Every structure is written in C-alpha cells, then in structure tokens.
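Enquirer:
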Amino acid sequence: MVLSGAHAALIVMKVQWRLARALFFLGQQSGSPDSGRAALRRGDCAGERAVALNDHRVEGHFWVGVNLACLLKPTAASEAHERFAWRGSS
Numbered sequence: 005m006v007l008s009g010a011h012a013a014l015i016v017m018k019v020q021w022r023l024a025r026a027l028f029f030l031g032q033q034s035g036s037p038d039s040g041r042a043a044l045r046r047g048d049c050a051g052e053r054a055v056a057l058n059d060h061r062v063e064g065h066f067w068v069g070v071n072l073a074c075l076l077k078p079t080a081a082s083e084a085h086e087r088f089a090w091r092g093s094s
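Set out below in structure tokens:
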C-alpha cells in the first residue's frame, strides 16, 4: 500500500510528537542530569519537527512546551532561555 503525501505527513507528524513524549519520560527517568537534559533537548527537537509538519495540531506544541519547561529547571535555565529567546518574542 502506498500512502498519499498528506497521509504520510500525518503519520510522520504523529511519530515525531510521540518521540517527543517518549524522550520527555526518558529525560525524567534518566540516571544523570546531563543525559536527562540531552533527552529533553532531543524531545524539544522532535516536537518542533511535529509542529513543522502540521502546526494546526496541538500535540507537537504541547510536547515542545513540556520538554522546554523541564529544561527551565534551575540547572538548565540558561540553556532553555537561550532556546526560547531564539524564537523571538513577537
């Protein structure tokens, strides 16, 4: 079965937001702060890819926000602030 372009993009978007979710939980359960932050950064990127594929669906936006919120913990505040500031405030 060959997937149409729109259907394939929807499947890829779903894979990306689910990856963002999985990386969030991996980051929460990580044994070290560094590997936890790395998982959260990768989760943020996966969520961003989901948003890029379909910015009208909430799932990608949600998992970007959750991963970034965890990066805002005091040990990673400067990194998350720089990541958020790059997007601009307007």
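Those letters in the sequence shown? Residues 5 to 94, by this note's numbering. Just so it is clear, CB atoms sit at the ideal spot from N, CA and C, and this is done for glycine as well. Nothing here was measured: the structure is a model prediction, and the numbers come from that model.
Would you mind sorting D48 into buried or exposed? The rule is 16 or more other CB atoms within 10 Å of its CB.
Expert: As a working mapping, residue 48 is identified with position 44 in the sequence shown. Buried, by the Cβ-count rule.
Enquirer: Quick one: grab the DSSP three-state call for H11.
Expert: The residue labelled residue 11 in the question sits at position 7 within the sequence shown. Three-state DSSP puts H11 in a helix.
Enquirer: Spatial neighbours of W67 within its chain, please: C-beta separation below 6 Å, excluding the five flanking residues on both sides.
Expert: The sequence position of residue 67 within the sequence shown is 63, counting from 1. The residues are W21, A24, R25, G51.
Enquirer: So the candidates are L72, E63, K77, V70; which of them puts its Cα closest to the Cα of K18?
Expert: Translated into positions along the sequence shown, residue 18 becomes position 14. When only C-alpha atoms are compared, the closest one is E63.
Enquirer: Ends of the alpha helix (DSSP H) at R45?
Expert: Position 41 of the sequence shown, counting from 1, holds the residue named residue 45. Per DSSP, R45 belongs to the alpha helix (DSSP H) from 37-57.
Enquirer: Which class does H65 belong to by DSSP, given the choice of helix, strand or coil?
Expert: Walking along the sequence shown from the start, residue 65 turns up at place 61. Three-state result, H65: helix.
Enquirer: What's the gap between the Cα of M5 and the Cα of A12?
Expert: Position 1 of the sequence shown holds residue 5. Position 8 of the sequence shown holds residue 12. In this predicted model, M5 has a pLDDT of only 47, less than 50, meaning its place in the structure is not dependable; the value taken from the coordinates is given anyway. Rounded to whole angstroms, M5 to A12 spans 11 Å at the Cα level.
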